[in-house]
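These notes concern the structure reproduced below.
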Amino acid sequence: MSTTGTWSGRAPRELDDATIEQVRARIGIPVRYSPRSHNEVSSEDSFRHFALGYGDDNPLYTEPEYARRSSFRSSFGPPLYALTAGVARPVKWSEAEKAEMSGGDPLAGIGQYMCGERWVLLKPIRAGDAVWKSQALFSADLRPSNFGGGTGALVSHQVRWEDADGSPFAFRFLDFWHASREKSGEAAVNRSLERPAYSDADLERIDACYQSELVRGSEPRLVGDVEVGEELGPIAKGPLSITEIVAWHSGVGWGIFGGGASKVAYKNRSRIPKFYLKNELGFWDMAQRAHWDDEWAQRMGHPAAYDYGVMRSCWMVHLVNNWMGDDAWVWKVSASVRKFNYLGDSHFVSGVVREVDRAKNTVTIAASCLNQRGEVTADGEIVVILPTREGGTAVLPDFDPADIPEASAP
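Counting in numbering that gives the first Met the number 0, the sequence shown runs from 0 upward without gaps.
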């Protein structure tokens, strides 16, 4: 899991039916973005930076000349590249919408944890493409859970990326679990964590997995050659380090809350002061530092700093991309974050073919991330479209709302 959110100076309201109804009143109202996207202009450099940020050196995304020789005939972004991209569409609220959105966040002060995401990917983002982004609340429900005191709110946001004509590139349904910070922190404090101590043999095993990682590349994988039960991977990820978190940020930027250095950080703090708290040296720093600062994460009730959940979504897509080859298309991604991934943890990402639809040329793959403690910290399902026997690229899909996978509580 990963946590983000704003900090309120007042006690948060109760997480009950009345609060959820206030949240639901905002469903469908477009959000006005403040921070700009990391990549307002899609480029070959940004494709490479994003891929390398989660440890993927596939030449389809990192070597433009190679990409131009592929059946796509140009360089384009990795499957989840859109999360870094786009120019926010101007939003004009009605008076009623303005009143609703200006009333303060009903969930302010309540812990916010990314618990999953669901993607529908429709066409590639190529270098130079104009990409427009919009976002709105999609759903909000109270759900039972063992995390955060027994009850929480599962809140989903729909993000849409489209071209200038309104034709969509991708949809993302980003799921957050809202629960009492106090109760979540108590649960984290009471949870023991076995920090790893790597032997040379452990490191050799990880390196051997890196060394043996296979990228299918230009050899087409046809649906007729795939059988249910076929295994993918594993590929290695980690051990998670501060360096790896820095690499991630180099590819994706700062995300929805913004960030930056010196004066830029000051201006961001002036914009969202509750997102900044003083560190152990007495000066302001962003709450987001729980992703790289053990001391701050422990003050927040966690045993150590931890990753962003979307990193593991990218890892599972990376596994599938290696397997499917250059001519296939990642169509749908559904990922759930089950446990935290702490600094020092290593993962092996693997998958298995669950379904083959030879009529539609689709393959459904179940993927999971297993850490050195033998725990599945994230899992998901990825549907890919393979090329036909006649060759060429996979047939790109049309959007159907029925294609949206269901969200699940942690």
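Built from N, CA and C at the ideal position, the CB exists for glycine as well.
The structure displayed is predicted, hence computed values, not measured ones.
Scanning Ile244, Arg298 and Val214 for the CA closest to the CA of Val309 turns up Ile244.
Its chain contains Arg117, Gly379, Glu380 and Pro404 as the residues whose beta carbon lies nearer than 6 Å to that of Ser333, once the 5 sequence neighbours on both sides are disregarded; these appear in chain order. Proximity to Ser249 across Tyr65, Gly52, Phe137 and Arg68 peaks at Gly52, based on C-alpha coordinates. DSSP, reduced to helix, strand and coil, places Gln371 outside both helices and strands of the structure shown, so it counts as coil.
The DSSP-derived three-state label of Leu141 is strand.
Membership of Met315 in the alpha helix (DSSP H) is indicated by the continuous run Gly308 to Met323. With at least 16 other beta carbons inside 10 angstroms of its own, Phe168 counts as buried. Collapsing the DSSP output to three states places Asp16 in a helix.
Under DSSP, Ala152 shares a beta bridge with Leu141 and His177. Separation of the CB atoms of Phe339 and Tyr305 is rounded to 5 Å, and the pair is thereby assigned contact status at 8 Å. Secondary structure at Arg298: helix, using DSSP grouped into helix, strand and coil. Inter-residue distance for Val383 and Ser74 is about 19 Å (C-alpha atoms, whole angstroms). In the three-state reduction of the DSSP assignment, Asn360 falls in the coil class, being assigned neither a helical nor a strand state. DSSP places Pro63 outside any beta strand (DSSP E); the residue lies instead in the alpha helix (DSSP H), whose first and last residues are Pro63 to Arg68. If you draw a straight line from the Cα of Arg388 to the Cα of Leu221, it is about 6 Å long. Here Gly257 is buried. Its C-beta has 16 or more other C-beta atoms within 10 Å. Between the alpha carbons of Val316 and Trp330 lies a distance of about 11 Å.
Taking 8 Å as the cut-off, the beta carbon of Val22 is found no closer than this to the beta carbon of Phe398. Distances from the CA of His177 to each of Asp201, Asp140, Ser198 and Leu192 were compared; the closest alpha carbon is that of Asp140. Only buried fits Glu161, as 16 or more other CB atoms lie within 10 angstroms of its CB.
In this structure, the CA atom of Thr18 is about 8 Å from the CA atom of Leu106. Residue pairing of Trp283 in beta bridges, as defined by DSSP: Lys277. For the pair Tyr60 and Arg47, the CB atoms are nearer than the 8 Å cut-off. The Cβ atoms of Gly151 and Leu14 sit closer than 8 Å to each other. Contact annotation: Gln157 and Ala126 have beta-carbon atoms that are not nearer than 8 Å. Rounded to the nearest whole angstrom, the CA to CA distance from Asp284 to Val351 is 42 Å. Three or more beta-carbon pairs drawn from the region 78-95 and the region 36-50 are found closer than 8 Å, and the two stretches are therefore classed as touching.
By the Cβ test, the region 199-213 is in contact with the region 226-243, since at least three Cβ pairs between them sit closer than 8 Å. Annotation: Ala334 is outside any alpha helix (DSSP H); the continuous beta strand (DSSP E) that includes it extends over Trp328 to Val336. Collapsing the DSSP output to three states places Glu230 in a strand. Under the DSSP assignment, Leu120 falls in the beta strand (DSSP E) whose first and last residues are Gly110 to Leu120.
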